[in-house]
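Numbering (full-length UniProt numbering), first residue to last: 1 to 291.
The following block contains the structure:
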């Protein structure tokens with residue numbers, strides 16, 4: 001295996017580890033609470049700690065498959081058939097696309113649940129348009145509810161879903177809420193149903209960290225958390241002191257590891273570039289000798 005290929009393999013491994021840390025940090029309940037406060041109407045203006053307590057159980061991180069037919073699993077508990085998210089070992093369904101983060105959150109009145117999916121993207125992808133992927137994900141969050149959250153034709157039991165995409169390295173800080181609307185073409189009739197079942201939120205994070213104000217409060221938190229420029233201490237200072245998020249040992253370790261992995265990825269990228277340059281230079285030199 002040549003040096004360039006070795007460095008590429010190592011860089012890919014470092015990137016996978018980096019991505020895993022990103023998801024774990026974003027999947028921290030107090031961070032998710034900040035996201036919910038800024039994106040879901042029911043939680044706007046609420047205390048982050050209160051919102052965090054509304055999140056049911058532990059969020060599923062990189063465990064639930066996106067593919068149709070594989071999102072759910074049937075369990076047998078004391079002879080009772082129960083359908084839930086498929087959280088089988090990754091080795092069993094190796095290579096499948098998975099939701100980065102998915103969980104249920106109960107509204108503050110305690111009467112209903114919302115299904116939340118959060119996806120973290122380092123860059124806007126070039127091989128497909130990201131909104132199309134978001135539409136597919138939010139559609140899966142709706143269709144996979146059959147048998148898990150409602151049975152037969154009880155469509156009124158469909159739970160509201162949000163697919164929230166955090167896109168880093170954008171030109172500016174943005175947020176867009178994409179949802180269903182009704183447009184009357186001929187006449188006007190109030191069709192029964194819930195237009196608010198499907199929600200996509202696209203959050204763009206600029207490379208430069210914004211100041212802490214109400215408009216960019218969420219962008220500053222996520223920008224600091226995911227920054228490749230800030231040191232560990234700078235990140236923890238913003239997270240802990242500005243947002244009052246408890247810095248637990250596992251969060252401290254993830255922030256530290258993410259910073260180290262980011263440096264490793266950059267170093268491997270430089271090494272790959274140097275090796276590629278050496279190979280191209282040697283080829284050009286050999287071609288010159290032949291001529």
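Heads up, the beta-carbon is just placed ideally off N, CA and C, and yes, glycines get one too.
None of the values given here were measured: they were computed from a predicted structure.
Boundaries (first-last residue) of the alpha helix (DSSP H) holding residue i
i: residue 34; result: 29-39
i: residue 237; result: 232-237
i: residue 224; result: 217-226
Cβ-Cβ distance between residue i and residue j below 8 Å
i: residue 31; j: residue 43; result: no
i: residue 159; j: residue 113; result: yes
i: residue 40; j: residue 118; result: no
i: residue 138; j: residue 163; result: yes
i: residue 98; j: residue 66; result: yes
i: residue 197; j: residue 161; result: yes
i: residue 206; j: residue 170; result: yes
i: residue 212; j: residue 234; result: no
Residues of its chain near residue i, where Cβ-Cβ distance is below 6 Å and the 5 sequence neighbours each way are ignored
i: residue 5; result: Confidence is the limiting factor: at residue 5 the pLDDT is only 44, short of 50, which leaves the residue's position unreliable, though a coordinate-based value still follows. Correct list: empty, nothing qualifies.
i: residue 105; result: 54, 55, 114, 116
i: residue 264; result: Reliability of the predicted coordinates at residue 264 is poor, the pLDDT of 44 falling under 50, and the value obtained from them is presented with this limitation in mind. Excluding positions up to five away in sequence, the list reads 14.
i: residue 107; result: 42
i: residue 136; result: none
i: residue 267; result: Here the model assigns residue 267 a pLDDT of 45, short of 50, so the residue's position is not dependable, and the following value carries that caveat. Closer than 6 Å at Cβ, skipping near neighbours: no residue.
i: residue 175; result: 203
i: residue 168; result: 122, 205, 226
i: residue 140; result: 66
i: residue 240; result: 247
i: residue 33; result: 48, 51, 52
i: residue 256; result: 232
i: residue 29; result: 52, 55
i: residue 124; result: 130, 167
Buried versus exposed, by CB contacts within 10 Å (16 or more), residue i
i: residue 165; result: buried
i: residue 49; result: exposed
i: residue 59; result: buried
i: residue 109; result: exposed
i: residue 36; result: buried
i: residue 253; result: exposed
i: residue 154; result: exposed
i: residue 189; result: exposed
i: residue 111; result: exposed
i: residue 238; result: buried
i: residue 236; result: buried
i: residue 185; result: exposed
Residues near residue i in its chain [Cβ-Cβ closer than 7 Å; skip 5 each side]
i: residue 261; result: 14, 17, 18, 21
i: residue 23; result: 61, 62, 100, 101, 120
i: residue 83; result: 72, 74, 147, 148
i: residue 144; result: 71, 72
i: residue 230; result: 224
Residues near residue i by beta carbon distance below 8 Å, same chain, minus five either side
i: residue 210; result: 173, 216, 219, 220, 223
i: residue 134; result: 119, 163, 165, 178, 200, 202
i: residue 180; result: 195, 196, 197, 198
heavy atom of the ligand PLP below 7 Å from residue i C-beta
i: residue 261; result: The ligand content of the structure shown is nil, which means the ligand PLP is not present either.
N- and C-terminal bounds of the beta strand (DSSP E) containing residue i
i: residue 51; result: Not the beta strand (DSSP E): residue 51 falls in the alpha helix (DSSP H), residues 48-54.
i: residue 97; result: Counting along the chain, residue 97 falls outside any beta strand (DSSP E), and DSSP gives it neither H nor E.
i: residue 117; result: 113-121
CB contact below 8 Å: residue i versus chain C
i: residue 58; result: Going by chain labels, chain C is absent from the structure shown, which holds only one protein chain.
| query | Where in the region 138-205 do unbroken runs of the beta strand (DSSP E), each at least 3 residues long, occur, reported from the N-terminal end onward? | reply | Runs found: 160-170, 174-179.
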